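Encoded as structure tokens, the structure appears first; notes follow it.
Numbering (my numbering), first residue to last: 506 to 602.
Written out as structure tokens, the structure is:
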């Protein structure tokens, strides 16, 4: 299985890069990924709500990747996406795969 996440490492966890992930999420339409509830899942009180902006950006990016096919181009997000092989889900938050 494959997932896509916002590309931010602990070393380069800088506000500019996190903000770019957030902008790309909306620009690519990933939050509206055809009925996968990507926006709803990250709203306050929902199963994937978090104050961690990287996770908030990663969930809808992954929903887009899942909906439109596991292809590199669907994870690109202007260079802010990365494909991972480890399930990024946490707690009650389940990422589509």
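Don't be surprised by glycine CBs; every beta carbon is placed ideally from N, CA and C. From a predicted model like this one, the values you see are computed outputs, not experimental measurements.
Worksheet item: Where does residue 586 fall in DSSP's three states?
Response: Residue 586 sits at position 81 when you count from the first residue of the chain shown. Of the three classes helix, strand and coil, the one that applies to residue 586 here is strand, per DSSP.
Fill in: Beta-carbon separation (whole angstroms), residue 553 vs residue 564, contact threshold 8 Å
Walking along the chain shown from the start, residue 553 turns up at place 48. Walking along the chain shown from the start, residue 564 turns up at place 59. Contact flag correct, Cβ pair sits at about 5 Å.
Fill in: Residues bridged to residue 511 (per DSSP)
Here the question's residue 511 lines up with position 6 in the chain shown. DSSP lists 586 as partners of residue 511.
Fill in: Among 561, 575, 595, nearest to residue 602 - alpha-carbon criterion
Sequence index remark: in the chain shown, residue 602 carries index 97 (1-based). For residue 602, the nearest C-alpha among the options comes from 575.
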